[in-house]
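If you're matching positions, the sequence shown starts at 4 in the working numbering and goes up one per residue.
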Amino acid sequence: MKLAKRLILTTTALTAVTAGTLLSATVGQAAVPQPVRHGVDVPAELKVPDGNRLTGVFSAAGVQTYTCADGAWKLLEPAATLWARNDHSRRAIALHSRGPVWVSTVDGSAVNAAAVANSPKADTIPELLLKSTATRGTGVFADVSYIQRLNTRGGVAPAAACTGTDQVSVPYSATYAFYKPAK
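Right under this line is the structure:
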């Protein structure tokens with residue numbers, strides 16, 4: 004019964020959003036970002052290809068670490084902890100680091116990915132669509148095909164020039180959505 008109720012609510016919400024999008028397009032307004040079930044608006048350029056289904060949405064907080072290269076800041080690596088979006092205790096369920104890679108602290112599964120599209124935002128790191136390049140294990144990240152980095156805040160490299168081998172870590176937060184091939 005819970006599944007039927009969820010399907011009805013999801014269908015109703017999608018119908019309302021679709022109607023609103025069509026209405027705004029017919030009156031000449033800009034296109035509305037693609038709505039997704041996890042409550043975060045997704046820019047059209049970060050849409051996951053058809054044939055994939057949402058399997059997990061996690062909040063994240065950490066740092067973007069930059070290193071000095073020829074007088075300019077260059078991204079060295081991210082380092083973040085992910086937790087279930089509704090978990091106010093922020094119990095770590097995954098770690099995100101250089102690669103980029105996400106590793107489950109619960110079951111050891113992992114996914115590596117590479118950015119295939121980005122959507123710049125003012126005063127924060129861009130939102131991204133990443134495509135999986137490899138997965139490991141049989142847990143939460145097994146068979147992940149795409150990842151979206153959404154709702155970004157902070158993490159921008161300093162504007163000032165740098166010297167030598169300086170490094171700086173800038174706090175950021177984001178929402179990560181993981182997709183797997185639909186069966």
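All residues carry an ideal CB built from backbone N, CA and C; glycine is no exception.
Subject >> Residue closest to THR168, alpha-carbon to alpha-carbon, out of GLY74, TYR149, LEU49 >> reply: GLY74
Original post:
According to DSSP, is ALA72 helix, strand or coil?
Top reply: strand
Original post:
Helix, strand or coil: how does DSSP classify ALA47 here?
Top reply: helix
Original post:
So GLY157 and THR178 are in contact, right, with Cβ under 8 Å, and what is the actual spacing, rounded?
Top reply: Not a contact, Cβ separation roughly 13 Å.
**OP:** Put THR181 into one of helix, strand or coil per three-state DSSP.
**Re:** Inspection of the sequence shows that residue 181 is occupied by Phe rather than by Thr. Strand at PHE181.
**OP:** Please classify LYS183: is it buried, with 16 or more other beta-carbons within 10 angstroms of its beta-carbon, or exposed?
**Re:** buried
**OP:** Identify the continuous beta strand (DSSP E) that holds VAL114 and give its terminal residues.
**Re:** 113-124
**OP:** Note down the Cα distance separating TRP86 from LEU131, rounded to an integer number of angstroms.
**Re:** 19 Å
Subject >> Segment contact, 8 Å Cβ cut-off, at least three pairs: the region 109-119 with the region 137-157 >> reply: yes
Original post:
What residue from LYS77, THR136, LYS50 has the CA that sits closest to GLY102's CA?
Top reply: THR136
Original post:
Taking LEU98 as the reference, which of ASN121, THR70, ALA120, ALA64 has the closest Cα?
Top reply: ALA64
Original post:
Is it true that the CB of VAL60 sits closer than 7 Å to the CB of ARG88?
Top reply: yes
Original post:
With distances taken from CA atoms, which of LEU49, LEU57, THR68 is nearest ALA160?
Top reply: THR68
Original post:
Nearest-angstrom Cα distance between PHE144 and ALA72?
Top reply: 33 Å
Original post:
With burial defined as no fewer than 16 other Cβ atoms inside 10 Å of the residue's Cβ, what is the status of ALA164: buried or exposed?
Top reply: exposed
**OP:** Starting from the Cα of VAL104, find the closest Cα among ARG94, GLY54, THR166, THR84 and give me that residue.
**Re:** THR84
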